[in-house]
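Since the structure comes first, as structure tokens, the remarks are kept for the end.
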Amino acid sequence: MNRNVFALSNAETEDSALSLAFDDNRVMALLLGEHDAHLAQIEHRLGVAITPRGNRISIKGDRQSAEHARAVLLHLYTKAARGAEINRGEIDGAIRMVKLAETAGQASGEAGVRTRRKTVSARTPNQQGYIEAIRKNELVFGVGPAGTGKTYLAVACAAEALMNGEVDRIILSRPAVEAGERLGFLPGDMKEKVDPYLRPLYDALYDMMPQSLVVKGLAENQIEIAPLAFMRGRTLASAFIILDEAQNTTPQQMKMFLTRLGEGSRMVVTGDPTQIDLPSGVGSGLDEALAILDGVKGIGITRFVAADIVRHPLVGRIVQAYDKKQLPPRRTRS
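The letter at position 266 of the sequence shown is residue 266 when you use my numbering, and the numbering goes up by one with no holes.
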């Protein structure tokens, strides 16, 4: 047995108690958190009582909740043993994965993306399927509400592919819809005009790679971050290409972008069809592409839902409230 992972004993009694025994006290300390804060979070979320004694943890509660807690603790212990940070987000993600995987009748296995700064793990079954789709297909659409990790996971996969030598460069793009014809009236040069619209892509990239490597990559064109209009007329070979906020492309722009795909390249298109900022009467290129390309070989489509939101729990409840009202998407600018 690998002594760096864990030794496990599992005994269930009539009062639905489970017992886990771990053999690395250092890793177990990371699992528990300061003042057992991580255990308290799991207790609160799953309605169980968790008691650590030495290198053992006992779990009491109804059978299903206790089993959920057991699976979460084993998952988090394995991550801690690999050097991953255990925080509130990771704990919430592990709980969500266990619950949703059981509902879907799936194993709660983990799809991880290794970058130079961190290993990014799937926190829902849909996120896991999204990562697997990106690795398997040349073109993937990730669509759904804000906070589901569509862009963040795509950038992580791009950083991993560059690190592993699978592609020669990363190209990240967004439509600068709000700028439109008013770009000329904004202060600064072209980079200063469009950077505010591309900032989320910069932020995700800096989270995956050391700042020095990002700066060097940008300087040497190994990493390119540009508005969608800059993609016209190009053939993008041996690249990992991401189009973010794709709901704000016109059908013509979307077709232009998709046909940039060159030899040895992969492409991910992300967007939220409920957040369209195009002028009234202008159709979304994302909506059209999803209708036309669904089922085409080599293309994967992952549709995220409110249950996949991994930001603050309130964000998920906000999205669900809006969905219940079935409000039409706002398609005009004030």
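Glycine is no exception: its CB is placed at the ideal position from the N, C-alpha and C atoms. The model shown is predicted, which means the values in this text are computed figures rather than measured ones.
The beta carbon of G285 lies closer than 6 angstroms to those of T249, T250, P251, Q253, M254 in the same chain, with the five residues before and after it left out. G89 and Q64 have their C-alpha atoms some 22 angstroms from each other. Residue pairing for K60: DSSP places it in a beta bridge opposite A17, A49. Unbroken alpha helix (DSSP H) stretches of 4 residues or longer found wholly inside the region 281 to 316: 285 to 293, given in chain order. Contact annotation: L228 and P175 have beta-carbon atoms nearer than 8 angstroms. Taking 8 angstroms as the upper bound for CB-CB distance, G142 and F304 are in contact here, some 7 angstroms apart.
The shortest CA-to-CA distance from A84 to any of G295, R114, S58 is the one to R114. In the three-state scheme derived from DSSP, where H, G and I count as helix and E and B as strand, A146 is classed as coil. Of the candidates P210, R266, Q211, L261, R266 places its Cα closest to the Cα of R135. In the structure shown, G112 falls within a strand segment according to DSSP collapsed to helix, strand and coil. DSSP, reduced to helix, strand and coil, places T119 within a strand of the structure shown. The count of Cβ pairs closer than 8 angstroms, one atom from the region 31 to 49 and one from the region 58 to 76, reaches three, so the stretches are in contact.
The count of Cβ pairs closer than 8 angstroms, one atom from the region 198 to 208 and one from the region 156 to 174, reaches three, so the stretches are in contact.
In the three-state DSSP reduction, L228 falls in the helix class (H, G or I). Following the DSSP letters along the chain, one finds I171 inside the beta strand (DSSP E) bounded by residues 169 to 174. Per DSSP, the unbroken alpha helix (DSSP H) holding R135 starts and ends at 125 to 136. Counting the other Cβ atoms within 10 Å of the Cβ of Q128 gives 16 or more, which makes it buried.
Under the three-state reduction of DSSP output, M254 falls in the helix class.
Contact between V120 and A94 does not hold, since their C-beta atoms are separated by about 14 angstroms, which reaches or exceeds 8 angstroms. Going by DSSP, G217 is part of the alpha helix (DSSP H) stretching over 211 to 219.
In the DSSP assignment, I242 is bridged to L172, V268. For N25, the uninterrupted alpha helix (DSSP H) segment begins and ends at 25 to 32. L139 carries a strand assignment under DSSP once its states are collapsed to helix, strand and coil. In this structure, M97 sits near P125, with a CB-CB distance shorter than 8 angstroms. I223 has I170 as its beta-bridge partners, per DSSP. Annotation: Q41 to G281 spans about 48 angstroms, alpha carbon to alpha carbon. In the structure shown, L278 adopts coil according to DSSP, grouped into three states.
Close CB contacts of Y197 within its chain, under the 6 angstroms cut and outside five residues either way in sequence, are with R174, A176 (chain order).
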